[in-house]
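So the mapping is simple: the working numbering equals the position in the sequence shown, first residue as 1, plus 1.
For glycine and all other residues, C-beta sits at the position ideal for the given N, C-alpha and C.
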Amino acid sequence: MSEHPRLSRATLAQRKPGIAAPAYQLEGRLPGIVHFGPGAFHRAHQAAYADAVLDSDPRWSICEVALNSTGTADALGPQDGLYVLALLSAEPEYCIIGSITELLSARTDGETILQRLAAPTTQLVTSTVTEKGYCLSPEGGLDMNHPGIAAELAGGAPTTFIGWLAAGLARRMAEGGGPLTVLSCDNLAHNGRRLGRAVTEYAQATDPALAEWVASNVSFPSSMVDSITPATTDAVREQVAEATGLEDAWPIQRERFTQWVVENDFKGARPPFDAAGVQFVSDVAPFEEAKLRLLNGPHSTLAYLGVLLGHETVADAMRDADLADFVRTMMHEDIAPTLRPLEGMDVGDYAESVLERFRNPAIRHLLAQIAWDGSQKLPFRILGTIADRRAAGLPTGRLAVPVAAWFRFLALRHSDGEKLVDPLGGKLAPLAAAGDIDALLAIDAVFPRTLAGDGEFVAALRQAHAGLADESAIRSTLKTAL
Ligand code: CS2
C-alpha cells in the first residue's frame, strides 16, 4: 500500500490540489437522514447527492445503519466518515465526500438507531438493502415465514430491515417525533409501495395502533436509482491514493453518469436534492420500469451469458460481437415495446446510451458480481417483460435465452463447487444441475404461475436451454436469435 497519510478531517488539507472536498462544516452535525445499508451503491449515489446540497442546507448529513456487517464503520470510522468517490471515465475525477456523520451497527448500537429514527431532526430514511432485504412473499406482501421476520413476530429483537424500521417508527410515534419519509433506493419495481406495504403488514401483526400512525404520518415514495458502481478493488485503492495523496481504506468507484428520480410524496421535509439533479416526479413507475428492464435486464443477460462464454467484465462481454448484438436486438425488439411512453425520453436513444455505458473501458465491472442474487433480480429485470409480452400474445424466444443462461450458470456453479451468492441458491443449483426445468419453474418465489403455465414461454425456455450446452451452441443460439 502507498505511503500517503490516511484520509481524515485532520489530513484533509493535505490532499493534492484540484481534489474537491467539503467546504461545509464537518463537526457537530445532527443527521437529517438515517440510511440502512451503507454499501458501495449508497456511497456512490445518495451520499454524493447529500454531499452536493450540504453547502446550502446543513440539515442533510447521514447516519448510516449497517444491519449485518461492521465493514463500512471499520473502514470509515478512523476517517471521520470521509471517503473518496472516483468518477471513472477517460479522464477520471476524484472528490472527497463528507455527508456521512455517523456509522452505526445494528449489532451493537440498537438503542442509538432507535433514537435517531425517533429524533425530530431526522426527516428522511433511505435504504439500499438489496432485493432480499425487503423479506417479500411471492404475492408481494411481507413474508411472514421469512426466518428473521418470524423470529421477530415471535417476540425476538429486530434483526431485519423491516423489523428495525417498525421498531424505530414505534419509538417515533411514542416520542412524538413527527411525520417522516421512508424512501426506498433499491432496484425493485414499485419499491416504495412494496416497502410501505411490508412495514404496514408488520405493524398490523405487532401493533395495530402503529399501523394507523404509519398510515397518516409516514410516506413511502418510490424512486429509481442509477449509477454503475463496481465493487472496490485494491487497484482502485492504489489509484485513489496516487491521485489524491491520501490513503482511503474504502474508496468508491462509479461511472460519471448518475440519475435519481423520486416520487414527490414527502411527509418529512424534502431535501433540496433537485439542486443536485434529482428529478421529483408524480409517477416514478415508467422510469423504474425503463431502467430495470433496459439496463438491469441486459446487465443480467450479459452476466449469465458472459460467464458461460468465459468473459470477466461487462466491457469484455460487450466486445464479444455475438453477445453484444444479441443483447442490443433484445433491448430494441423485445424490451422497448413493453415500456410505457415517457415524455422527454426516446426509448431507442435510452437503450443506446445504456449500451454505451456498458462499453465504458475505464470501468471493470465484474460479471460475477452482477450474477449474484438472480432469484431476487430476474423477476423485476426480465420476467416482468416476458409476462407483459405473453399477456399481449407476443413471442418470448429471445427473452427466454437469459433465463435459460441463468439456469446454465447455476448448474456451472454447482459443478465447479463455487459458492453461489443467492438466498435460494441451495434450492436452485441442484435442480439446475439436473436440468430439471419443470422443478425450477415450479418455484413460485421466482416464477409467476401465469408464466410457469404458459406453453409458449415454457417451450421457448426449453429450446433456449438446449441451445446453451457449450460455447459453440451458445454462439449459434445467439446468432440464430438475431
Ligand atoms: C447491476 C446493478 O449488480 C447488478 O445487478 O445490474 O447494480 C447496476 O449496475 C445498477 O443498478 C446501475 O444503476
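* With a Cβ-Cβ cutoff of 9 angstroms, do residue 195 and residue 137 count as a contact? -> In the sequence shown, residue 195 corresponds to position 194, counting from 1. In the sequence shown, residue 137 corresponds to position 136, counting from 1. In contact: residue 195 and residue 137 (Cβ atoms closer than 9 angstroms).
* Asked: With respect to 8 angstroms, is the separation between the Cβ of residue 226 and the closest non-hydrogen atom of the ligand CS2 below this value?
  -> Along the sequence shown, one-based indexing puts residue 226 at 225. Within the cutoff, so yes.
* When DSSP labels each residue in this structure, what does residue 300 get in the three-state scheme? -> The residue given as residue 300 occupies position 299 in the sequence shown. Residue 300: helix per DSSP, three-state reduction.
* To do: Reducing DSSP to helix, strand and coil, say where residue 95 ends up.
  => On the sequence shown, residue 95 is found 94 positions in, with the first residue counted as 1. It is a strand residue.
* Tell me whether residue 18 is buried or exposed, calling it buried when 16 or more other Cβ atoms sit within 10 Å of its Cβ. => Along the sequence shown, read from residue 1 onward, the residue named residue 18 stands at position 17. Residue burial annotation: residue 18 is exposed, with fewer than 16 other C-beta atoms found within 10 angstroms of its C-beta.
* To do: Run the proximity test for residue 229: is its beta-carbon closer than 8 angstroms to any non-hydrogen atom belonging to the ligand CS2?
  => Mapped onto the sequence shown, residue 229 falls at position 228. Flag set: Cβ of residue 229 near the ligand CS2.
* Going by other Cβ atoms of all chains shown within 10 Å of its Cβ, with 16 needed for buried, is residue 477 buried or exposed? -> For the purposes of this step, residue 477 is taken as the residue at position 476 of the sequence shown. Exposed: under 16 other Cβ atoms inside 10 Å.
* CB of residue 366 to nearest heavy atom of the ligand CS2: below 8 angstroms? -> The residue you call residue 366 lines up with position 365 of the sequence shown. Result yes, Cβ under 8 angstroms from the ligand CS2.
* Cα separation between residue 456 and residue 312? -> Your numbering for residue 456 matches position 455 in the sequence shown. Your numbering for residue 312 matches position 311 in the sequence shown. In this structure, the straight-line span from the alpha carbon of residue 456 to that of residue 312 is close to 33 angstroms.
* Could you check what DSSP says for residue 2 in three-state terms: helix, strand or coil? => Here residue 2 corresponds to residue number 1 of the sequence shown, with the count starting at 1. For residue 2, the pLDDT reaches just 49, beneath the cut-off of 50, and the residue's location in the model is therefore unreliable, although a value from the coordinates is still provided. In this structure, residue 2 counts as coil in the three-state DSSP scheme.
* Exposure of residue 52, with buried meaning 16 or more beta-carbon neighbours within 10 Å -> Mapped onto the sequence shown, residue 52 falls at position 51. The C-beta of residue 52 has 16 or more other C-beta atoms within 10 Å across all chains shown, which makes the residue buried.
* To do: Leaving aside the five residues before and after residue 480 along the sequence, list all residues of the same chain whose C-beta is less than 7 angstroms from its C-beta, in chain order.
  => Within the sequence shown, numbered from 1, the residue matching residue 480 stands at position 479. Correct list, in chain order: 323.
* Asked: Who pairs with residue 43 in a beta bridge, going by DSSP?
  -> Mapped onto the sequence shown, residue 43 falls at position 42. Here residue 43 is not bridged, per DSSP, to any residue.
* **DSSP-derived helix/strand/coil call for residue 36** => Counted from its first residue, the sequence shown places residue 36 at position 35. Here residue 36 carries a strand assignment [DSSP, helix/strand/coil].
* Compute every distance between the C-beta of residue 373 and the non-hydrogen atoms of the ligand CS2, then say whether any falls below 8 angstroms. => Here residue 373 is taken as the residue at index 372 of the sequence shown, counted from 1. Yes - the ligand CS2 has a heavy atom lying nearer than 8 angstroms to the Cβ of residue 373.
* **Closer than 8 angstroms: residue 162 CB and nearest the ligand CS2 heavy atom** => Along the sequence shown, one-based indexing puts residue 162 at 161. Not so, every heavy atom of the ligand CS2 lies at least 8 angstroms from the Cβ.
* Asked: Just how far apart, CA to CA, sit residue 220 and residue 63?
  -> Translated into positions along the sequence shown, residue 220 becomes position 219. Translated into positions along the sequence shown, residue 63 becomes position 62. Each residue's Cα considered, the two are about 19 angstroms apart.
* Asked: Which of the three DSSP states, helix, strand or coil, is assigned to residue 223?
  -> Here residue 223 corresponds to residue number 222 of the sequence shown, with the count starting at 1. If DSSP states are grouped into helix, strand and coil, residue 223 belongs with coil.
* To do: Going by CA-CA distance only, name the one from 399, 110 and 236 that's closest to residue 1.
  => Lying before the first or after the last residue shown, residue 1 is absent from the chain, which here runs from 2 to 483.
* Please list, in chain order, all residues of the same chain as residue 389 whose beta carbon is under 8 angstroms from its beta carbon, the five residues on each side excluded. => Residue numbering aside, residue 389 sits at position 388 when the sequence shown is read from its first letter. Excluding sequence positions up to five before and after residue 389, its CB lies within less than 8 angstroms of the CB of 339, all in the same chain and listed in chain order.
* Asked: Comparing the CB of residue 300 with every heavy atom of the ligand CS2, is any distance shorter than 8 angstroms?
  -> Looking up residue 300 in the sequence shown gives position 299. It does: the Cβ of residue 300 is within 8 angstroms (strictly closer) of some heavy atom of the ligand CS2.
* To do: Between the Cα of residue 423 and those of 133, 117 and 78, spot the shortest distance and give me the residue it belongs to.
  => One-based indexing of the sequence shown puts residue 423 at position 422. Comparing Cα positions, the closest option is 133.
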